[in-house]
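Notes follow once the structure below has been shown.
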């Protein structure tokens, strides 16, 4: 009968709809929350990988800057976002290495609520002094600090940043008392070293690279255990007699905890693949960082180990944020 | 390459049709962004960064320069028309500008702001071309002690806006200081006055407070007190500057530009301090027959000076970035990362290694400047028509505009709560005749002064004498004392001479 045939035809037309019940991930653009201002290192790393990831995943990446509180405002936004696999957080040492010990009253636990997806890169810190200043080597720096304790100060990008705690660690390891002078951000901190207000700073290597090349600043050593491939002529601090000094800023991607594991694994694989691409790796190196891809499980383990390393330094520095 | 040759080269690159098109686009975008209270040039340039993948370096940087300067122009437009400052540098412009708009002089106010911005932009860009390296070397010699002394000088400028009652003015100032304290303390990492709210950890946005105090407060106050049933339409007078206005504005333009540029170059300077100093200077230097206009009908000097200072400072901010690779503001930092997108690393050698690009950038700053004044002056007539809207609708529109601008950018309910909370406080402040300008000054200067003070003391190991033993700091402090005590001493001296002359005459 005509009516039954029409009903059957109608049902047949609905069938493709039923077949489409499980959309493949991703079918919308991915949102990456950044804990810093737009244009900062987190933003830059993501943009370096953007074209490769877009090819691999078929969706564009959107950046959502939420600066504040050393990255914790952004982390909170990401941790509380809907865990549908479309929101991620570019995490770093401040949010997942130092943050958990430093911030004592967070409404979330970074390690538990924002597990890792992939590590992106290491950004070494470098110890800089004024180019035409009184010290030319680590040994001279320590001797100067001991002889002139009122001028043994170092600048940092802010309380609780890796530049602050690197300086504290340096003082601890060398047994010399150094005074911390915090500034707001790496640029004012470098300006303070440039005009001789402070003796030294241990801050982002790329930020001071040009000034070092021009001779206005002198780089006495890199903070990592191995020399940086981008600046092989600068010895490590460990080589020059600073015991057990292996500090570098690291960046990676984290996801809200309830995101399905297969999604995290897939994104992690793509990010690692992007970083292994020579073109992307070269862009990272040009920026002054060292590509260091790690998958989700290994990244989690790395972050836990970082928290354990930094906890005693944070406690010794006496800085806390309630 | 010497500066003139460089400029010639830069202009030859920048004056192509395609590049002029980029400049036009940038100017439009920039003006639109300057008008909105929430969005700033830094965020906009950051959002535009992806185009660096497909556009040549020259075109992209010309676009960014247009946005950068355009935002400065746009910020003053809403400051004057709607008492809603779009940028922190336009807050002081709102003081006199909005008063001028109310008394029917919106046209001259906008015109003087536009032309003043042009003059200052030109002075600033000339400064970048010829004076950059020298000024930056001098600026680097300033340490926290000098910055603190500069803040003390700026605090003196508060006396210009205290109004009739010093007590109320100071109460406003301390309220501003209180608002400035909210956030994480830089020295110790301790959150202050955040009440456990994470969004407050980075402090309260000063533009938000200015909008709340000026626009929202005024709107709520009118809604409360205005029982008049009829809708009053504001008078709209001349559109352009009269000869008198020109004569009155030229001095402030040049003084403002001269004041603004060095502050922009200083690493911790910024654009707000020179606007305050310019306002103070203009108030003190104004011709006595116009002095009564300050704070009542709006004095044109009070718009010309601060606007020029604002624009020159914005230009100055680029100097440390181009000559040293040191970004000193959010916008400069974004420009830096734009350079890095092209594989260029700004540093002390940028002028040598990338002479082409740098000079094209400077040439495009000039071009953006000219384009903006050519675009904005004819638009004055159009903007001024906004004031023809009857008051109730106009203020309702301002309220909606302020709310959307605030929430649309930050997506934070806390910001809205703050906007209306402070707006209600401002409403009561107007009722009881508390001036609102000191709140903003306190909010801007307080945290900066505190930080400079503590940094200076940490470096000097707790020695308070550092502020007077360092020569530059001492000079600035003496200047502040002179600015505070000077007018009073001069006044007393003149009065004594007057009495002597009188008694001499009687004899």
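Chains as they are written, first to last, in this note's numbering: chain X, 249 to 570; chain A, 7 to 513. Glycine included, each C-beta is placed from N, C-alpha and C at the ideal position. Just so it is clear, the structure is predicted and the values come from calculations on it, not from any experiment.
{"query": "Chain A within 8 Å of residue 430 (chain X), Cβ atoms only", "result": "yes"}
{"query": "Assumed close pair residue 322 (chain A), residue 264 (chain A) - CB separation to whole angstroms, cut-off 8 Å", "result": "Their Cβ separation, rounded to whole angstroms, is 11 Å, which puts residue 322 (chain A) and residue 264 (chain A) out of contact at 8 Å."}
{"query": "DSSP three-state assignment for residue 495 (chain X), whether helix, strand or coil", "result": "coil"}
{"query": "Terminal residues of the alpha helix (DSSP H) in which residue 412 (chain X) lies", "result": "410 to 422"}
{"query": "Below-8 Å beta-carbon distance, residue 270 (chain X) vs any chain A residue", "result": "For residue 270 (chain X), the predicted model reports a pLDDT of 46, less than 50, meaning its position is unreliable and no value from the coordinates is stated."}
{"query": "Residues sharing a beta bridge with residue 403 (chain X), DSSP", "result": "X:429 and X:449"}
{"query": "is_contact[residue 516 (chain X), chain A] using C-beta, thresh 8 Å", "result": "no"}
{"query": "First through last residue of the beta strand (DSSP E) which encompasses residue 374 (chain X)", "result": "364 to 378"}
{"query": "Opening and closing residue of the beta strand (DSSP E) in which residue 336 (chain X) lies", "result": "335 to 340"}
{"query": "Segment contact, 8 Å Cβ cut-off, at least three pairs: the segment 493 to 501 of chain X with the segment 356 to 369 of chain X", "result": "yes"}
{"query": "Buried versus exposed call for residue 183 (chain A) [16 or more other C-beta atoms within 10 Å across all chains shown]", "result": "buried"}
{"query": "The segment 205 to 225 of chain A: positions lying closer than 7 Å to chain X by Cβ", "result": "205, 207 and 208"}
{"query": "CB contact flag (residue 337 (chain A), residue 326 (chain A), <8 Å)", "result": "no"}
{"query": "Contiguous beta strand (DSSP E) assignments of at least 3 residues, all confined to the segment 503 to 561 of chain X", "result": "538 to 542"}
{"query": "Cβ of residue 406 (chain X) within 8 Å of any chain A Cβ", "result": "yes"}
{"query": "Burial state of residue 310 (chain A) (16 or more Cβ within 10 Å)", "result": "buried"}
{"query": "CB contact below 8 Å: residue 304 (chain X) versus chain A", "result": "no"}
{"query": "Beta-carbon proximity list for residue 351 (chain A), same chain, < 8 Å, skipping 5 on both sides", "result": "331 and 345"}
{"query": "Any C-beta of chain A under 8 Å from that of residue 417 (chain X)", "result": "no"}
{"query": "Simplified DSSP state of residue 437 (chain A), which is helix, strand or coil", "result": "helix"}
{"query": "Cβ-based neighbour list, residue 490 (chain A), same chain, cut-off 6 Å, excluding 5 preceding and 5 following", "result": "162"}
{"query": "Beta-carbon contacts of residue 404 (chain A) that lie in its chain and below 7 Å, excluding the five residues immediately before and after", "result": "88, 90, 221 and 225"}
{"query": "Sufficient close CB pairs (3 or more, under 8 Å) joining the segment 246 to 258 of chain A to the segment 480 to 487 of chain A", "result": "no"}
{"query": "Partners in chain X for residue 482 (chain A), counting only beta-carbon separations shorter than 9 Å", "result": "Near residue 482 (chain A) there are no residues of chain X at all, since even the closest Cβ is about 17 Å away, more than 9 Å."}
{"query": "Proximity of residue 70 (chain A) and residue 375 (chain A) at Cβ, strictly below 8 Å", "result": "no"}
{"query": "Spatially closest choice to residue 398 (chain X) from A:465, A:498 and A:481, by CA coordinates", "result": "A:465"}
{"query": "Local Cβ density within 10 Å of residue 231 (chain A), reported as buried at 16 or more and exposed below that", "result": "exposed"}
{"query": "Distance CB(residue 402 (chain X))-CB(residue 448 (chain X)) smaller than 8 Å", "result": "yes"}
{"query": "DSSP three-state assignment for residue 12 (chain A), whether helix, strand or coil", "result": "helix"}
{"query": "Where the alpha helix (DSSP H) through residue 360 (chain X) begins and ends", "result": "358 to 361"}
{"query": "Residue of X:473, X:304, X:407 and X:389 minimising C-alpha distance to residue 342 (chain X)", "result": "X:407"}
{"query": "Listed by chain order, chain X residues near residue 147 (chain A) by CB distance under 7 Å", "result": "443"}
{"query": "Three CB pairs or more closer than 8 Å across the segment 349 to 359 of chain X and the segment 292 to 305 of chain X", "result": "no"}
{"query": "Interfacial residues, the segment 29 to 50 of chain A to chain X, with Cβ spacing under 9 Å", "result": "48 and 49"}
{"query": "Chain-ordered residues of the segment 268 to 296 of chain A with a beta carbon less than 9 Å from chain X", "result": "273 and 274"}
{"query": "Assigned exposure category for residue 453 (chain A) - 16 Cβ within 10 Å defines buried", "result": "buried"}
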